[in-house]
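Numbering (my numbering), first residue to last: 105 to 372. Every residue, glycine too, gets a C-beta built ideally from N, C-alpha and C. Just below is one structure, and these are the notes that go with it.
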């Protein structure tokens, strides 16, 4: 990460300029002292007093980044880019913006893998219907969180790629940014290939692979019933069809879930 714009090393006298300019110079000076001492929260407090100045907003982004507050760091870098009129300054802010998005992708990827392992380790078991319902709800919540993490990885990598491109449009000779862009683009390509070829693809087409055409139509009908909270009706439809269409056996897990839900509803 690039900590400061080069020209910030030579700060003008705080007593000069308009009140807004004085506030900015004071924030830069006081914030820099705290930042050098690795007191990033204190530095952020100083910088937050003069965010009308793009230099201060950029330094605020760096302090937030050091505290791992990536969401707000991204907002600060974006504001610095918008408020600056100098291409070289914008390039540095774009570079760090790309770094923030890339780090966010790393963390989302780690979270996704952890959630995936937890889902794989869960079992719906026991005789108590209420306990089974809780287990199903917990598993579905973890699956939803895992999918959200995966989506965040893809989104963050795309945003990081765009940020590095923004930096290179302003300073085409920046080899560090060019390398970072290449690494992000390689990750994006690898994820696309993994999703298209991976054995764990869980989209609807993959789930229904191997079903007869009639079974696919019945599954669609069952899904529509579930959306209308007609769980018993959906379960009976699939159980009756299973008697004559053995391909529906591969959706037994779906029927088991419906069975638990209908029994829980009947017990209330």
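Q. Tell me which same chain residues have a C-beta within less than 6 Å of the C-beta of residue 158, skipping the five on either side of it?
A. 184, 187, 188
Q. Smallest Cα separation from residue 213: which of 223, 253, 244, 226?
A. 253
Q. Taking the alpha-carbon positions, what's the residue 239 to residue 170 distance?
A. 38 Å
Q: Within the same chain, show all residues whose beta-carbon is closer than 7 Å to that of residue 250, passing over the 5 residues directly before and after it, in chain order.
A: 216, 219, 220, 223
Q) Based on Cα-Cα distance, which residue from 209, 275, 230, 354 lies nearest to residue 255? A) 209
Q) For residue 278, which of 150, 200, 162 has the nearest alpha-carbon? A) 200
Q) Just checking my contact of residue 264 with residue 206 at CB under 8 Å: how many whole Å lie between their CB atoms? A) 4 Å
Q. Distance, Cα to Cα, residue 356 vs residue 298?
A. 27 Å
Q. By Cβ distance, which residues of its chain are closer than 7 Å to residue 330, with the 5 residues on each side in sequence left out?
A. 338
Q. In three-state DSSP terms, what is residue 275?
A. coil
Q: Scan the region 186 to 260 and note each continuous alpha helix (DSSP H) run of 4 residues or more that stays entirely inside, going in chain order.
A: 191 to 225
Q: Return yes when the Cβ of residue 136 is within less than 7 Å of the Cβ of residue 154, no when it is not.
A: no
Q. If you count every other CB in all the chains shown that lies within 10 Å of the CB of residue 304, and 16 or more means buried, which is it?
A. Because the pLDDT of residue 304 is 48, which lies under 50, any placement of that residue in the model is unreliable, and the question is left without a value.
(Q) I need the straight-line Cα distance from residue 344 to residue 316, nearest angstrom please. (A) 15 Å
Q | Boundaries of the alpha helix (DSSP H) in which residue 344 is found, first to last residue | A | 335 to 346
Q: Could you tell me which of 275, 156, 148 sits nearest to residue 163, measuring between CA atoms?
A: 148
Q: Indicate the three-state DSSP secondary structure (helix, strand or coil) for residue 304 in the structure shown.
A: Here residue 304 scores only 48 on pLDDT, less than 50, and its place in the model should not be relied on; the value that follows carries that caveat. If DSSP states are grouped into helix, strand and coil, residue 304 belongs with coil.
Q | Proximity to residue 296 [Cα-Cα], best of 327, 261, 322, 321 | A | 261
Q.
Is the separation between the beta-carbon of residue 342 and that of residue 321 shorter than 7 Å?
A. no
**Q.** Assigned secondary structure, residue 107 (DSSP; H/G/I helix, E/B strand, else coil)
**A.** coil
Q) residue 107 and residue 166: beta carbons closer than 7 Å? A) yes
Q) With 16 as the cutoff for other CB atoms within 10 Å, does residue 204 come out buried or exposed? A) buried
Q: Can you check the region 151 to 180 for any alpha helix (DSSP H) of at least 4 residues that lies completely inside it and give the ranges in chain order?
A: 158 to 170
Q: Compare the beta carbon distance of residue 128 and residue 160 with 7 Å and say whether it is the shorter of the two.
A: yes
Q: Give me the Cα-Cα distance between residue 243 and residue 234, rounded to the nearest whole angstrom.
A: 14 Å
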